[in-house]
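Worksheet: the structure to be examined is printed underneath.
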Amino acid sequence: MAEQTVPDLLEACAVAAPDQHVVFPDERSSWPDLRAQVRHDAAALLGLGVAPGDRVAVLLHGGLDAVRYWLAASEIGAITVPLTVRMREHEAAQMIDDAGPVLALTTSDFLPVLDAHLPDRPGSPLRTVVVLDRTGPDAPAGVTGRSALEAAARRSGPAQVDRARAGVGPDTPAIMLYTSGTTARPRGCVHTHRSLADEGAAVAGRLGLTPQDRFWTPLPMFHCGGYDVALAAMAGRCGFVHVGSFEPGRALDQMETERCTVAFPAFETIWMPVLDHPTFPDRDLSALRLVINIGAPERMRSMQARLPHAIQLSCLGMTESLGFCCVGSPDDPAEVRATTSGRPLPHMEARVVDPETGEPVPPGTPGEFRFRGTSRMAYYHRDPDTTAARIDDVGWFASGDQVVADDEGRLRFRTRLKDVLKVGGENVAATEVEGFLCEHPAAGIVQVVAAPDARYGEVVCAFVELRDGHEPSDGLAEEMIAFCVGRIAGYKVPRYVRFVDEWPMSGTKVQKFRLQTRIAEELSAAGITEAPRGPAGAAPR
Numbered sequence: 001m002a003e004q005t006v007p008d009l010l011e012a013c014a015v016a017a018p019d020q021h022v023v024f025p026d027e028r029s030s031w032p033d034l035r036a037q038v039r040h041d042a043a044a045l046l047g048l049g050v051a052p053g054d055r056v057a058v059l060l061h062g063g064l065d066a067v068r069y070w071l072a073a074s075e076i077g078a079i080t081v082p083l084t085v086r087m088r089e090h091e092a093a094q095m096i097d098d099a100g101p102v103l104a105l106t107t108s109d110f111l112p113v114l115d116a117h118l119p120d121r122p123g124s125p126l127r128t129v130v131v132l133d134r135t136g137p138d139a140p141a142g143v144t145g146r147s148a149l150e151a152a153a154r155r156s157g158p159a160q161v162d163r164a165r166a167g168v169g170p171d172t173p174a175i176m177l178y179t180s181g182t183t184a185r186p187r188g189c190v191h192t193h194r195s196l197a198d199e200g201a202a203v204a205g206r207l208g209l210t211p212q213d214r215f216w217t218p219l220p221m222f223h224c225g226g227y228d229v230a231l232a233a234m235a236g237r238c239g240f241v242h243v244g245s246f247e248p249g250r251a252l253d254q255m256e257t258e259r260c261t262v263a264f265p266a267f268e269t270i271w272m273p274v275l276d277h278p279t280f281p282d283r284d285l286s287a288l289r290l291v292i293n294i295g296a297p298e299r300m301r302s303m304q305a306r307l308p309h310a311i312q313l314s315c316l317g318m319t320e321s322l323g324f325c326c327v328g329s330p331d332d333p334a335e336v337r338a339t340t341s342g343r344p345l346p347h348m349e350a351r352v353v354d355p356e357t358g359e360p361v362p363p364g365t366p367g368e369f370r371f372r373g374t375s376r377m378a379y380y381h382r383d384p385d386t387t388a389a390r391i392d393d394v395g396w397f398a399s400g401d402q403v404v405a406d407d408e409g410r411l412r413f414r415t416r417l418k419d420v421l422k423v424g425g426e427n428v429a430a431t432e433v434e435g436f437l438c439e440h441p442a443a444g445i446v447q448v449v450a451a452p453d454a455r456y457g458e459v460v461c462a463f464v465e466l467r468d469g470h471e472p473s474d475g476l477a478e479e480m481i482a483f484c485v486g487r488i489a490g491y492k493v494p495r496y497v498r499f500v501d502e503w504p505m506s507g508t509k510v511q512k513f514r515l516q517t518r519i520a521e522e523l524s525a526a527g528i529t530e531a532p533r534g535p536a537g538a539a540p541r
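Residue numbers (UniProt numbering): 1 to 541.
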């Protein structure tokens, strides 16, 4: 891949695609205008005392500011630390203590979240907090507004930006993305400019992006997926369209109005509400040629059928691989696209190994997904022990995901190695039951966790968000259990079904450990230690 930095990517895109735009619902900018604004913002950061290698926290709802200040920090060799807008004060404190940013960019909505680490608080690494939507004389020490950025830009200027950029190279750290924290304490994954630039170029190549494309995503700009789409759009010289704060109707409005050609909703928790929106049948999404999603084969086939003219692909990756590591090909047959996540991108390598021995396993045999390449994270911030435990001496990263490869090297995700239930000594992959149960006509989104059981150790519990038009009831729960009986092995049949209206989320992922705690506490409070035997054939055996 070319030796590029993020500023190189932006500059080339501004020259080659002057008529394409970065678009949010309420604001937009052409690539050349964004490039000019980023230069100004980079001068402002320097004027506020940010130096190359410093970390800059960004806690913003989706909008141009989230893109501008990431690119501005990249311009001067600073490291952007995007913080999730879902977090609460104690979570923010953990991340700020770990990341050690010198400056934070935010809005007044999030000042309470940052309260313990405002610049006047003892021990805070933050020297400045810029609140972009207001300025007031009553602000605490070190808290200022957007006008301070303008003054700082005048103090600095283009020459200082040029000097800082001259020190930015492909191996300069560019961004620190925190893992989702669904199963463990979030860790800061540090990626370099090479990681970001190569990822953008590889994704653009696999998807065949051209200056006529407009690449849409709802994935937030604190998630690797949001950055993937921005980088691929720059590399492909096409438009970058972002829905900001996700809402299904707004998403449909934007995809229709902007004539989006490629979409990366990624998760069924996002895409199913779009497909199920009452106005979906009347929308003109004829410009869409590709949709990238993740899901069980049953759900992938269903989503493809709902939008048959757009080719649906899948992908495989994680924060540590900067999102995309493997991506399907538009040329693959439909069933291959529904059942696999494609091959590694050109700048990445992948293999499937026995997790105990590290030895490769043959095609068709489940094993652990391991990868290496230029978009593998450089290291976990301030965590050399975990870095060494996950990355071996020749660069392979142990993902903790169980996958299986086909004869042509395409990978299919099976489950997290830690997301396997042990029911009476039998292994049950949560994703397998989720994929099966989502075929029930009332089932929208399904998440499977283990419920404690005195007889079998643990049994299957399914949490279900119902489709519109269906109401939760004991009878429907029993119907869903009966739907599984005789069609999947008895030990895989859910013994409990619980209905939810909303999910405990970490960024874009469901926090299964909270669901597991919920069912365990419910059973304990009710004095239930053993699951009911259920319909004939449902008992584990």
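Don't be surprised by glycine CBs; every beta carbon is placed ideally from N, CA and C. Predicted, not measured: the structure shown is a model, and the values here were computed from it.
- By the criterion of a C-beta distance shorter than 8 angstroms, glutamate 408 is surrounded in its chain by Arg343, once the five residues flanking it on both sides are discounted.
- Around the beta-carbon of threonine 106, 16 or more other beta-carbon atoms lie within 10 Å, marking it buried.
- Segment contact: the region 252 to 266 against the region 278 to 292, three or more CB-CB distances shorter than 8 angstroms; contact assigned.
- Per the coordinates, the alpha-carbon of leucine 307 lies some 29 angstroms from the alpha-carbon of histidine 61.
- Contact between valine 449 and leucine 523 fails: their C-beta atoms lie close to 12 angstroms from each other, not under 8 angstroms.
- Nearest neighbour of cysteine 260 by Cα position, chosen from Cys238, Gly244, Phe246, turns out to be Cys238.
- Taking the Cα positions, leucine 316 is about 5 angstroms away from cysteine 326.
- About 14 angstroms separates the Cβ atoms of arginine 410 and threonine 365, ruling out a contact at the 8 angstroms cut-off.
- Scanning Leu231, Phe264, Ala430, Ala233 for the CA closest to the CA of phenylalanine 246 turns up Phe264.
- Under DSSP, arginine 416 takes part in a beta bridge, and its partners are Asp401.
- The alpha-carbon separation between glycine 225 and leucine 322 amounts to approximately 8 angstroms.
- Nearest in C-alpha terms to isoleucine 481, of all of Met272, Glu471, Cys461, is Cys461.
- Proximity to glutamine 511 across Ser30, Tyr69, Arg86 peaks at Arg86, based on C-alpha coordinates.
- Within the same chain, Val58, Leu60, Met221 come within 7 angstroms of alanine 66 by CB-CB distance, once the 5 residues on both sides are set aside.
- Between threonine 374 and serine 195, the gap from beta carbon to beta carbon is short of 7 angstroms.
- For the set Gly486, Asp392, Phe463, Ile488, the Cα lying nearest the Cα of leucine 476 is the one of Phe463.
- Non-local beta-carbon contacts of phenylalanine 436 in its own chain, meaning distances under 6 angstroms to residues more than five positions away in sequence, involve Ile488 in chain order.
- Excluding the 5 residues flanking it on each side, aspartate 115 has same chain C-beta neighbours closer than 7 angstroms at Glu89, in chain order.
- For proline 101 and glutamine 402, the gap between their C-alpha atoms comes out near 35 angstroms.
- From the listed residues Leu219, Arg214, Ala232, Met176, the smallest Cα separation to glycine 200 is found for Ala232.
- The distance from the Cβ of arginine 372 to that of glycine 395 is about 4 angstroms, consistent with a contact at the 8 angstroms cut-off.
- Beta-bridge partners of aspartate 453 (DSSP): Gly457.
- Non-local C-beta neighbours of glutamine 304 in its own chain, meaning closer than 8 angstroms and more than five positions away in sequence, comprise Gln312, Ala334, Arg337, Ala338, ordered along the chain.
- Taking C-beta atoms under 8 angstroms as the contact rule, histidine 193 and alanine 174 qualify, at a distance of about 5 angstroms.
- Annotation: histidine 309 is outside any beta strand (DSSP E) and is labelled neither H nor E by DSSP.
- Between the alpha carbons of arginine 121 and arginine 127 lies a distance of about 10 angstroms.
- The beta carbon of aspartate 213 sits closer than 6 angstroms to the beta carbons of Cys238, Thr261, Val262 from its chain, once the five residues preceding and following it are set aside; these are given in chain order.
- The criterion of a C-beta distance shorter than 7 angstroms is satisfied by isoleucine 76 and leucine 46.
- Going by beta carbons, alanine 525 and arginine 495 fall outside the 7 angstroms limit.
- Per DSSP, reduced to three states, the secondary structure at isoleucine 270 is helical.
- For histidine 90, the secondary structure class from DSSP, reduced to helix, strand or coil, is helix.
- The alpha carbon of glycine 208 has as its nearest neighbour, out of Pro330, Ala42, Ala443, Thr179, the alpha carbon of Pro330.
- Counting along the chain, cysteine 260 sits inside no beta strand (DSSP E), nor does DSSP assign it H or E at all.
- In this structure, proline 218 places its C-beta atom within 7 angstroms of the C-beta atom of valine 243.
- Across the set Leu9, Val56, Asp276, the C-alpha of Asp276 shows the shortest separation from the C-alpha of glycine 444.
- Take the alpha-carbon of phenylalanine 280 and the one of aspartate 109: they are about 32 angstroms apart.
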